[in-house]
Amino acid sequence: MNKYVSKSFLITFVGGLFVMWLGVFIYLRNPVLPSFGSADRVAVSKENLERHVRFLSEMSPPRSYRNPFSMRAAENYIRKELESYGYEVMLQEVNSYKETYHNVIARYGDKDAKELIVVGAHYDVVDDKVSPGADDNASGVAGLLEVARLLKAQKRELPSAIELVAYTLEEPPFFGDHSMGSAYHADQLKLDGFTVKLMIAIEMIGYYSDSWFSQKFPIGLLYGFYPWTGNFISIVASPMEREVVREFKSAMSAGASVPVYSINAPSMVEGVDFSDHRSYWAHDWPALMITDTSFYRNTEYHKSGDTADRLDYLKMADVVGGVLGAIKKSAELK
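The sequence shown: position 305 = 436 (this note's numbering), numbered continuously.
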């Protein structure tokens, strides 16, 4: 083989590799064009976020199903906060282990609407008797409450009704079972003839790191497509939600300074279905998760070190503002 043929082969080979890389990049990252419009930025209170996280994560014993008193305290806190914003609150019974637990539900918008956007976050912690659960998932509940407050504070109505749900019983031994609080909620919506336009699970949004290699991934391939520094927020969804994710990410990026990345991947990739959005996939409803990537970044996941002092409330506030803007945009889409 002469040098000209060898050079041509090398160029073709490298070009082929680049085309393959670009194809995988587009499939996984689902890129969107940058938004140059004026974002509808809102005054998210980082003080409120920290207050919610501290109340939930500093109670003793932790708010797990084995501690019904703490679960009631968390439930009552969430209910009273929502009522203080002007919501009518419903408690949905979830029965398990001879105890009755509750999803805490509030509706924004048309009370008679049969098509909903659902925004949810679970308030229980894993049953290991040591986890305060600040990031997992007091941070998600704090974000949910701040979204609820800001929706009520705005001066305009939205075309779509929004159901805000704080879920009980997301953690093991309930996870992946019909006894999950979100499974109860999704199943009941289906039985009552509702349609879910979009479900957004807020699952761990408080932990960030600027350290090199602080971000891990479930498979080695992903290291070639995402940052190795854990200072971004992620939208996680199945391949079926590619268009939904593009729209949501574009709107969220316009309202947040924290970088917003996304992945559309099947459930066989560990972590893709690790929250309450899976309960809505079961009914073929579009659903996505907003997350700091959980145990792929936060080394204190499900441990005693998951405390309120480790969270970045300024970044949390920024993320919540972006999520709120994207929810509003989703509510306006037909």
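The beta-carbon is built from N, C-alpha and C at its ideal position, and this holds for glycine as well.
{"Item": "CB-CB under 6 Å to S393, same chain, minus the five flanking residues each way: which ones, in chain order?", "Value": "N161, I366, V376 and K380"}
{"Item": "Buried or exposed for H433, please, with buried defined as at least 16 other CB atoms from any protein chain shown within 10 angstroms of its CB.", "Value": "buried"}
{"Item": "Excluding five sequence neighbours on each side, which residues of the same chain lie with their C-beta closer than 7 Å to the C-beta of G168?", "Value": "Since pLDDT at G168 reaches only 45, below the 50 mark, its modelled position is unreliable, and the value read off the structure follows with that caveat. Excluding residues within five positions, the ones whose Cβ falls inside 7 Å are A385."}
{"Item": "Out of V257, Y411 and I293, which has the shortest C-alpha to C-alpha gap to K242?", "Value": "I293"}
{"Item": "Just the Cα atoms here: how many angstroms apart are I421 and G456?", "Value": "13 Å"}
{"Item": "Distance, Cα to Cα, A448 vs S435?", "Value": "24 Å"}
{"Item": "Quick check on DSSP: helix, strand or coil for N362?", "Value": "coil"}
{"Item": "Here's the rule I'm using: 16 or more other beta-carbon atoms within 10 Å means buried, otherwise exposed. How should N226 be labelled?", "Value": "exposed"}
{"Item": "Using a Cβ-Cβ cutoff of less than 6 Å, which residues in the same chain neighbour S310 once the five nearest sequence positions on both sides are dropped?", "Value": "S227"}
{"Item": "Spatial neighbours of I458 within its chain, please: C-beta separation below 6 Å, excluding the five flanking residues on both sides.", "Value": "none"}
{"Item": "Checking 8 Å against the spacing of the C-beta atoms, do K328 and I248 come in under that value?", "Value": "yes"}
{"Item": "What's the call for I350, buried or exposed, on a 16-neighbour Cβ count within 10 Å?", "Value": "exposed"}
{"Item": "By how many angstroms is the C-alpha of W343 removed from the C-alpha of T438?", "Value": "22 Å"}
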